[in-house]
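Here's the structure we're looking at; comments come further down.
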Amino acid sequence: MTALFLRDLILSVRAGGGFGLALAFFLIVTVLVPFGVGPESATLALIAPGILWLGALLACLLSLDRIFALDYDDGTLAVLATAPVPMEGIVVVKAAAHWITTGLPLVIAAPVFAILLSLPPAQFGWLILSLGLGTPALSMIGAFGAALTVGIKRGGLLLSLLVLPLYVPTLIFGAEVVTRAGSGENAGTALAFLAGITAGSLALLPFAAAAAIRVNLR
Amino acid sequence: MLRFCRWKGQPVTLTATDLACARGGIPILEGVSFGVPDGRALILRGPNGIGKTTLLRCLVGLQPLLRGHVAPGPDACAYASHADAVKTALSVAENLRFWSEIYGAGGIDAALQAMDLTALSTRPAAQLSAGQTRRLGLARLLLTGRPIWVLDEPTVALDRASVALFAKAVLDHCAAGGSAVIATHIDLGLEAETLDLSAYRARELGAGDFDEAFL
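Protein chains in written order, with the numbering used here: chain B, 1 to 218; chain Y, 1 to 215.
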């Protein structure tokens with residue numbers, strides 16, 4: 001298990017691994033928004049939570065199809081399925097590696113990008129907290145989608161169509177946390193819902209994803 | 001003299017009883033029965049599309065059987081398919097070390113040596129030739145520590161010297177009490193029994209059979 005985790009991390013920083021891709025995409029999205037919306041700080045601060053969450057979500061989506069597709073193509077997934085490791089564990093480990101390489105950098109870099117969107121510094125803490133609680137769900141739900149589409153040639157688009165609707169609750173509550181914190185309301189409820197979604201997906205989806213992979217390997 | 005590679009303390013005999021397998025929902029093999037005692041190898045033969053790969057995938061549990069029983073279970077089998085399960089971004093040694101940790105095996109030196117990969121160990125797998133990649137894929141088998149090797153066309157892309165090297169690895173595995181089921185079209189130079197799958201082709205579901213279910 002540890003070996004698989006480390007291997008996924010190493011592969012992501014080697015040539016063609018795509019580490020930093022999500023971060024660069026996130027940066028471009030946040031830089032482009034003021035060009036489209038206009039530079040007024042008040043407008044930007046109003047939409048910043050939503051844009052930041054949407055950017056994080058799309059950046060996460062970029063590398064989802066790599067979670068299982070590469071291992072499926074070179075036969076590694078079939079061998080892992082016959083190896084003495086549970087498929088559920090493989091799913092969790094690969095989702096965790098995906099979060100470390102895409103979600104975690106986004107969480108850490110988010111305050112820097114928030115400056116570009118004139119988000120008031122008082123909300124930075126809430127932004128980090130909500131992204132930190134929410135992005136693991138993005139990786140886990142994404143891993144489930146990737147498991148469903150593994151083995152389909154050019155399954156990336158189908159994966160996006162499957163996964164994006166499942167991201168809606170995370171997006172709503174994630175952005176709501178930051179917005180409520182900005183307007184002085186109680187952000188705790190939204191934060192609790194966000195954490196609940198993450199905990200629920202971490203608890204249930206590994207089993208669903210593992211079942212989907214076993215079917216797709218037949 | 002015999003160094004038994006023991007599986008739960010006992011030499012393992014692979015027994016397949018009255019197997020039926022399907023590919024894409026269509027039954028292609030039925031009534032396949034065979035036994036491979038420890039120390040022996042079984043060569044599967046048959047024309048393209050007869051179901052060699054399907055049978056092997058059923059043996060290692062990647063695909064459900066329509067009917068029949070295989071003992072012991074998939075946990076006793078090490079599988080090598082057409083794909084080599086090699087990560088091109090990792091070096092030869094890194095690839096093997098990963099599998100060695102997955103299977104809880106010791107060092108990788110013996111496996112490197114057996115497949116003549118020692119000189120290539122620091123080379124990125126992306127730079128290997130097709131035959132060298134195949135040898136790296138087969139070296140993984142030596143790390144699994146499992147008694148039954150299930151191999152699908154293992155000699156594709158191998159030159160004559162590498163085929164001999166591979167045959168020796170299979171012989172050593174059998175001498176240590178293991179066994180192997182190998183689908184291949186070439187002569188490996190192994191003393192092994194041969195099973196021609198042509199005799200087990202599934203009777204096609206004719207229109208008459210289909211109607212019967214509704215009448």
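The beta carbon of each residue, even a glycine, is placed where N, CA and C say it ideally should be. Remember, predicted model here, so these are calculated numbers, not experimental data.
Item to complete: May I have the straight-line CA-CA distance separating residue 148 of chain Y from residue 97 of chain Y, to the nearest angstrom?
Response: Taking the Cα positions, residue 148 of chain Y is about 21 Å away from residue 97 of chain Y.
Please report the residue range of the beta strand (DSSP E) in which residue 23 of chain Y lies.
It spans 14–23 - the beta strand (DSSP E) in which residue 23 of chain Y sits, taken as one unbroken run.
With DSSP as the reference, identify every bridge partner of residue 69 of chain Y, one or two as the case may be.
Y:17, per the DSSP bridge assignment.
Practice problem: Count the other CB atoms, across all protein chains shown, that sit within 10 Å of the CB of residue 204 of chain B; report buried if there are 16 or more and exposed otherwise. | Solution: Around the Cβ of residue 204 of chain B, a 10 Å sphere holds fewer than 16 other Cβ atoms; the residue is exposed.
Item to check | C-alpha distance - residue 157 of chain Y paired with residue 131 of chain Y, whole-angstrom precision | outcome: Answer to the nearest angstrom: the Cα atoms are 5 Å apart.
Report yes if the CB atom of residue 139 of chain Y is closer than 8 Å to the CB atom of residue 112 of chain Y, and no otherwise. It is a contact, given that the beta carbons lie within the stated cut-off.
Where residue 1 of chain B falls, given that 16 or more other Cβ within 10 Å makes a residue buried: Of the residues assessed, residue 1 of chain B falls on the exposed side of the cut-off, its CB having fewer than 16 other CB atoms within 10 angstroms.
**Prompt:** Listed from N- to C-terminal order along the chain, which residues in the segment 45–73 of chain B have their beta-carbon within a distance smaller than 7 Å of any beta-carbon of chain Y?
**Reply:** For the segment 45–73 of chain B, which is checked against every Cβ of chain Y, not one residue is closer than 7 Å.
* Asked: If contact means a Cβ-Cβ distance below 8 Å, which residues of the segment 15–34 of chain B contact chain D?
  -> Among the protein chains in the structure shown, which are B and Y, there is no chain D.
Taking DSSP as the reference, what is the three-state secondary structure of residue 27 of chain Y?
Note: residue 27 of chain Y maps to strand in three-state DSSP.
- Message: Residues of chain Y with CB closer than 7 Å to the CB of residue 79 of chain B, please, in chain order.
- Response: The contact set of residue 79 of chain B on chain Y, defined by CB atoms closer than 7 Å, consists of 79 and 85 in chain order.
- prompt: Can you give the Cα-Cα distance for residue 106 of chain B and residue 23 of chain B, rounded to whole angstroms?
  reply: One C-alpha to the other measures close to 6 Å.
- Item | chain B residues whose Cβ lies nearer than 8 Å to that of residue 74 of chain Y | Simply 82.
Worksheet item: In the structure shown, what three-state DSSP assignment does residue 38 of chain Y receive?
Response: Three-state result, residue 38 of chain Y: coil.
Notebook entry, point to check: Cβ of residue 63 of chain Y less than 8 Å from any chain B Cβ?
Noted result: Interface residue (Cβ-Cβ distance to chain B less than 8 Å): residue 63 of chain Y is classified as such.
List in chain order: all unbroken alpha helix (DSSP H) runs of 4+ residues lying wholly within the segment 129–214 of chain Y. The segment 129–214 of chain Y contains these whole alpha helix (DSSP H) runs: 130–144, 160–175 and 207–212.
Presumed contact (8 Å Cβ cut-off) between residue 35 of chain Y and residue 15 of chain Y, rounded CB distance: Sure, about 5 Å apart at Cβ, within 8 Å.
For this session: Could you tell me if residue 64 of chain Y is buried or exposed, where buried requires 16 or more neighbouring beta carbons within 10 angstroms of its beta carbon?
Result: Exposed is the call here.
| field | residue 143 of chain B to residue 100 of chain Y span [Cα, whole Å] | value | Rounded to whole angstroms, residue 143 of chain B and residue 100 of chain Y show a C-alpha spacing of 26 Å.
**Prompt:** Given that residue 89 of chain Y touches chain B, what residues does it touch there, using C-beta distances under 9 Å?
**Reply:** Under the 9 Å cutoff, chain B gives 10, 11, 14, 15, 16 and 17.
Within 10 angstroms of the Cβ of residue 95 of chain Y, are there 16 or more other Cβ atoms? Answer buried if so, exposed if not. Taking every protein chain shown into account, the CB of residue 95 of chain Y has 16 or more other CB atoms within 10 angstroms, so this residue is buried.
Between residue 85 of chain B and chain Y, is there a C-beta pair that is closer than 8 Å? Nearest CB-CB separation between residue 85 of chain B and chain Y: below the 8 Å threshold.
- Query: Taking Cβ positions only, does residue 43 of chain Y come closer than 8 Å to chain B?
  - Reply: Contact with chain B is absent for residue 43 of chain Y, since none of that chain's Cβ atoms lies less than 8 Å from the residue's Cβ.
Query - Same chain, Cβ closer than 6 Å to residue 61 of chain Y, neighbours up to 5 away in sequence not counted - result: Excluding positions up to five away in sequence, the list reads 74.
**Request:** Please list the partners that residue 211 of chain B has in chain Y, where partner means a Cβ-to-Cβ separation under 9 Å.
**Result:** Neighbours of residue 211 of chain B on chain Y: none; closest Cβ ~13 Å, over 9 Å.
Between the CA atoms of residue 55 of chain B and residue 29 of chain B - distance to the nearest angstrom: The straight-line gap from Cα to Cα measures roughly 6 Å.
Own chain, CB closer than 8 Å to residue 154 of chain Y, minus 5 neighbours either side, in chain order: Within the same chain, residue 154 of chain Y has close Cβ partners 80, 134, 138, 166, 182 and 184.
Check: Excluding the five sequence neighbours on either side, which residues of its own chain have a C-beta within less than 7 Å of the C-beta of residue 132 of chain B, listed in chain order?
Finding: Around residue 132 of chain B: 107.
So is residue 6 of chain Y in contact with chain B if we call contact Cβ pairs under 8 Å?
-> Note that residue 6 of chain Y scores 41 on pLDDT, short of 50, meaning its location in the model is unreliable and no value can be drawn from it.
Practice task
Measure the CB-CB distance between residue 78 of chain Y and residue 13 of chain Y and report whether it falls below 8 Å.
Solution key: No.
Give a yes or no on whether 8 Å exceeds the smallest Cβ distance from residue 189 of chain B to chain Y. Chain Y has no Cβ within less than 8 Å of the Cβ of residue 189 of chain B.
List, in order along the chain, the chain Y residues whose C-beta lies closer than 7 Å to that of residue 151 of chain B? Ordered by position in chain Y, no residue passes the 7 Å Cβ test against residue 151 of chain B, which lies about 12 Å from the chain.
Since residue 142 of chain Y contacts residue 114 of chain Y with CB under 8 Å, what's their CB separation in whole angstroms?
At roughly 6 Å, the Cβ-Cβ gap stays under 8 Å, so residue 142 of chain Y and residue 114 of chain Y are in contact.
request  = Look at the alpha carbon of residue 5 of chain B and the alpha carbon of residue 49 of chain B, and state the distance between them as a whole number of angstroms.
outcome  = A straight line joining the alpha-carbon of residue 5 of chain B with that of residue 49 of chain B spans about 32 Å.
Query raised in the report: Is the segment 90–105 of chain B touching the segment 61–68 of chain B in the sense that three or more CB pairs, one from each, lie closer than 8 Å?
Result: They touch, by the three-pair rule.
For this session: Just grab the DSSP bridge partners of residue 124 of chain Y for me.
Result: Y:91.
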